[in-house]
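Asks:
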Amino acid sequence: MNKPLDFGIYYDEIKETFMLQMEGASYVMALCDGYLGHVYFGKKLGYIPGKDALRPKDYTYLSGKPADKCVFMDGFPFEYSISGTGDFRVNALKVRNDDGFVGGELKYISHRIYDGKKDLKGLPHSFGKEDDIKSLEIDLFDKDLGLTVMLCYSIFRGLDVVAKSVNIKADRELYLEKVMSSSLSLQWNNHELITLHGSWARERIPDRRVIGHGITSIGSSRGISGHQDHPFMAVVSQDADEDTGEVYGVSIVYSGSYLGEIERTQHNELRINMGINDDGFSWKVSPDDDEGFAAPEAILTYSDSGLGSMTRTFHDFMRKHLIRSKYLHKKRPILINNWEATYFNFDEEKLLEIARVAKKAGIEMLVMDDGWFGRRDSDNCSLGDWTVDRKKLPNGVDGLCKKINEIGLEMGIWFEPEMISPDSDLFRAHPDYAIQIPGRDPSWCRSQYVLDITRKEVRDCVYEQVAEILRSSNIKYVKWDMNRPITDVGSTVTRAGEFHHRYMLAVYEMQERLLNEFPDLLLENCTSGGGRFDPGMLYYSPQFWCSDDTDAIERLGIQEGTALIYPPSSIGAHVSICPNHIVGRTTDLKTRGYVALLGTFGYEMDITKLNDEELQQINEQVEMYHKYNDLVREGDYYRICSCSALIHGNEYKKSYAWMNVAVDKSEALLTYIQVRGGANERSEMIRLKGLQPDAEYELPDGRTFYGDELMNIGFLTDKLYGDGAGALYHFVRRK
Ligand code: GLA
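If you're matching positions, the sequence shown starts at 325 in this note's numbering and goes up one per residue.
1) I'd like to know whether the C-beta atoms of Glu587 and Arg413 end up nearer to each other than 7 Å.
2) Compute the beta-carbon to beta-carbon distance between Gln867 and Thr924, rounded to the nearest angstrom, for a pair I have assumed lies under 8 Å.
3) What does the alpha-carbon distance come out to for the pair Val987 and Ala1019?
4) Got a sec? Which residues, its chain only, sit under 7 Å from Leu707 by beta carbon, not counting five neighbours each side?
5) Are at least three pairs of beta-carbons, each pair with one atom in the segment 433–441 and one in the segment 526–541, less than 8 Å apart?
6) Give me the Cβ distance between Tyr359 and Phe400, rounded to the nearest whole Å; I'm assuming they're in contact under 8 Å.
7) Counting by C-beta, which residues lie closer than 7 Å to a heavy atom of the ligand GLA, in chain order?
8) Less than 7 Å separating the beta-carbons of Ala992 and Phe1055?
9) I'd like the list of long-range same chain contacts for Gly1046, defined as Cβ closer than 7 Å, with 5 residues on each side in sequence excluded.
10) Tyr404 to Asp336, Cα distance in whole Å?
11) Per DSSP, what kind of secondary structure is Leu517 in: helix, strand or coil?
12) Does DSSP put Trp607 in a helix, a strand or coil?
13) On the DSSP letters alone, give me the boundaries of the beta strand (DSSP E) that Gly1031 sits inside.
14) Beta strand (DSSP E) containing Lys803: first to last residue?
15) Taking contact to mean at least 3 C-beta pairs separated by less than 8 Å, is the segment 856–875 in contact with the segment 886–899?
16) Can you give me the start and stop residues for the alpha helix (DSSP H) that Arg916 sits inside?
17) May I ask whether a heavy atom of the ligand SAM can be found less than 6 Å away from the beta carbon of Tyr351?
18) Look up Gln511 in the DSSP assignment and say whether it is helix, strand or coil.
19) Along the chain, where does the beta strand (DSSP E) containing Tyr976 start, and where does it finish?
20) Based on the DSSP secondary-structure assignment, which residues constitute the bridge partners of Tyr351?
21) Any idea if Val503 is buried or exposed, counting beta-carbon neighbours within 10 angstroms, 16 or more meaning buried?
22) What would DSSP say about Asp463, mapped onto helix, strand or coil?
23) So the beta strand (DSSP E) Thr995 belongs to, where does it begin and stop?
24) Thinking just about the alpha-carbon of each residue, which of His521, Asp875 and Lys933 is nearest to the one in Gly908?
25) Classify Trp663 as helix, strand or coil using the three-state DSSP reduction.
26) When the Cα of Trp710 is compared with those of Leu775, Leu624, Ile687 and Glu788, which residue comes out closest?
27) Need the endpoints of the beta strand (DSSP E) that Gln867 sits in, please.
28) Provide the residue span of the beta strand (DSSP E) that contains Tyr572, from first to last.
29) Would you check if there are 3 or more beta carbon pairs closer than 8 Å linking the segment 624–644 to the segment 958–971?
30) May I ask you to report which of helix, strand or coil DSSP gives His824?
31) Within the same chain, show all residues whose beta-carbon is closer than 6 Å to that of Val817, passing over the 5 residues directly before and after it, in chain order.
32) Tell whether a beta-carbon distance below 7 Å holds between Ser545 and Pro620.
33) Spell out a yes or no on whether the segment 561–578 and the segment 460–470 are touching, meaning 3 or more CB-CB pairs, one atom from each, closer than 8 Å.
34) For Lys933 and Glu677, I'd like the C-alpha separation in whole angstroms.
35) Can you give the Cα-Cα distance for Asp411 and Tyr667, rounded to whole angstroms?
36) Within 10 angstroms of the Cβ of Trp696, are there 16 or more other Cβ atoms? Answer buried if so, exposed if not.
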């Protein structure tokens, strides 16, 4: 008997079949009359399979009756389909020729298999050591259009992940009207769909539904990935829970307008697409463009052991292959941000006062938020004028920074580089710098317009202003904000159909430039909270401000949804003041600390107003952060209890609980938060996860338990009193 195939990419010439062999999954494609079909993605197979899944006998076209080609085109499980010639399902590619006609047919011409992975120029992308990655490129060709479509696949040692991207070139002028980064065919078998929906201050809330016939889609046409839908879909078996069931995860390394769509077809096949939103998209390709059009990278994961395993696969993938920052594996400085403390109403003395108290409490950095530049006393002016307001800061940013450093804190600063206020010197000098349709009054949002950074001179102008501040002071951290969607798409240089994507390429270029010039800078992205928290931005910044909603109880759902695919080390989370500014709720300070611990950790409050007892608690939280952050940041994350729609039955739950378990299972932190207290309710017996079954674990109070006891019988939580009460349990494996 032959040896089962190891990690690698294989091509069987006789079967004309490609097989991507991962740790526990296989991805298989095969040729049929030159068409590339999708055979399988799922639990690992030992050997290259046959291609019955392509149903070669179902299409009379293949038995020599060309009249039925249309039946073939509409039924064949194309790996990458193109519209206009009979495939009426949601297609991956739509190409219009110069005469306005749409139609194409893609046939295999060649392929290459190699170690490592190529960069996607100008776009965020996964990376890794040559030894740990195998890649495959398949060229498909349409002879009538002169169009070459290169499908790129990469797999990663130890992970059930396929990264896909597409590159398109043409030997004449053509317009790409839809380019998906990934298309996947599955046979529907009672599968359900999990997505993350949201709104401002309510980002990434899990949603789960049956996949009905027809098309279901999520997306954004806002020019940012957005607060509303999220660029992520999981197609799961009906029984899928944390530990069992089949789960297909799809995400995209992109931060602009995107589209995720699923069609359950007439034959109960699922076609699952993810890529740039085709709404208004039209990209011109021409023979003199040597690089071709590169679609952003899509990330596909597979798990046959439930959602928990999908989550940990995404976390590992992002930590190993996507987040580049040198701070990724470092404990981030505990920062205090003055936004909720002062809003626009601060001056140097107020910030120094906060810094002095913060220093005593053990906080390590002060971040000066919005309001330090131009005449910015409210949100209706000065964006674009990145010169210090001397009324507030008579000694400039540099002078303030020196004083903060003398107190013993590092300093960070807020910018919103992509924006321009109509009431700004920049706008008065260059009204054309704002994105607008000639002759139409553009829509305002937060009293501001978006800069047309697709123009180099605009990018340079704003970049230089930001860089000048950083060059002239000892700033260690930047919060890069973006507070409105893009409307009124018009530009003096960029074609409307290309605008959104070129805008994103410009944002990526600016952030790349910033990191190149200031390699030690800790960058945190932000978009009115978490409106552009996506894999694309994490390529540039190791952390993202998760949400403007800092209420600890609301954050339980928001952070759970975020951590569904993003590692805790990337989640910007702070303790803020009560009653909470957004929802008006008061939650125990201890619980606020526990919730912020599942992230980068920091404060968002006027610490000078706290009493001694509260300051003492902050001291303890600082210690807690230093004690547990390595475990939270580097460990494996397990959802234990949840009230969200992620798993059937969660609607009966009253608590959230999660665990951060050391990779070697030597210790684990359990956080348990009771959302609402109830009368005559008993303490909860909850089953823990991820422990070593035969090891003994000890709590600080001396109680000991076996791993298998905690994972099968469960752990009896303390009886907690009141809404939002929380507890933290640190289990350490005994020697
Ligand atoms: C956004 C951010 C906030 C804050 C304000 C400042 O809303 O999410 O944290 O920085 O902008 O205007």
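Glycine included, C-beta positions come from ideal geometry on N, C-alpha and C.
Replies: Reading from the atomic positions:
1) Judged by beta-carbon spacing, Arg413 lies within the 7 Å limit of Glu587, meaning their Cβ atoms are closer than that value.
2) Their Cβ separation, rounded to whole angstroms, is 5 Å, which keeps Gln867 and Thr924 in contact under 8 Å.
3) Taking the straight line from one Cα to the other gives about 14 Å.
4) For Leu707, where only same-chain residues beyond five positions count, the Cβ hits under 7 Å are Glu740, Met743, Ile744, Ser745, Ser748 and Gln772.
5) The segment 433–441 makes no contact with the segment 526–541, as fewer than three CB pairs between them are under 8 Å.
6) With a contact defined as Cβ atoms closer than 8 Å, Tyr359 and Phe400 qualify at about 6 Å.
7) Counting only residues whose CB is nearer than 7 Å to a non-hydrogen atom of the ligand GLA, the list in chain order is Trp663, Asp693, Asp694, Asp703, Trp738, Lys803, Asp805, Asn807, Cys850, Ser852, Gly853, Trp869 and Asp872.
8) Yes, the Cβ-Cβ distance between Ala992 and Phe1055 is below 7 Å.
9) Result list for Gly1046: Gly1001, in chain order.
10) If you draw a straight line from the Cα of Tyr404 to the Cα of Asp336, it is about 20 Å long.
11) The answer is strand: DSSP assigns Leu517 an E or B state.
12) Strand.
13) The continuous stretches of beta strand (DSSP E) do not include Gly1031, which lies in the alpha helix (DSSP H) extending over residues Gly1031 to Asn1036.
14) Its beta strand (DSSP E) spans residues Ile799 to Trp804.
15) Result yes; three or more Cβ-Cβ pairs closer than 8 Å.
16) First-last of the alpha helix (DSSP H) with Arg916: Leu913 to Ala920.
17) For the structure depicted, the ligand SAM is absent and the ligand set comprises only the ligand GLA.
18) Per DSSP, reduced to three states, the secondary structure at Gln511 is strand.
19) Tyr976: not part of any beta strand (DSSP E); DSSP gives it neither H nor E.
20) Tyr351 is bridged by DSSP to Leu344 and Phe365.
21) With at least 16 other beta carbons inside 10 angstroms of its own, Val503 counts as buried.
22) In the structure shown, Asp463 adopts extended strand secondary structure according to DSSP, grouped into three states.
23) For Thr995, the uninterrupted beta strand (DSSP E) segment begins and ends at Glu991 to Gln998.
24) Considering only His521, Asp875 and Lys933, the residue with the shortest C-alpha distance to Gly908 is Asp875.
25) In this structure, Trp663 counts as helix in the three-state DSSP scheme.
26) Answer by Cα proximity: Glu788.
27) Counting along the chain, the beta strand (DSSP E) containing Gln867 begins and ends at Gln867 to Trp869.
28) Segment Val571 to Ile576, the beta strand (DSSP E) holding Tyr572.
29) Of all C-beta pairs linking the segment 624–644 to the segment 958–971, three or more are shorter than 8 Å, placing the two stretches in contact.
30) Helix, per DSSP.
31) Excluding sequence neighbours, Val817 sits near Arg779.
32) Not closer than 7 Å, so no.
33) Fewer than three beta-carbon pairs drawn from the segment 561–578 and the segment 460–470 are found closer than 8 Å, and the two stretches are therefore not classed as touching.
34) Lys933 and Glu677 have their C-alpha atoms some 11 Å from each other.
35) Each residue's Cα considered, the two are about 55 Å apart.
36) Burial state of Trp696 is buried, judged by a 10 Å Cβ sphere holding 16 or more other Cβ atoms.
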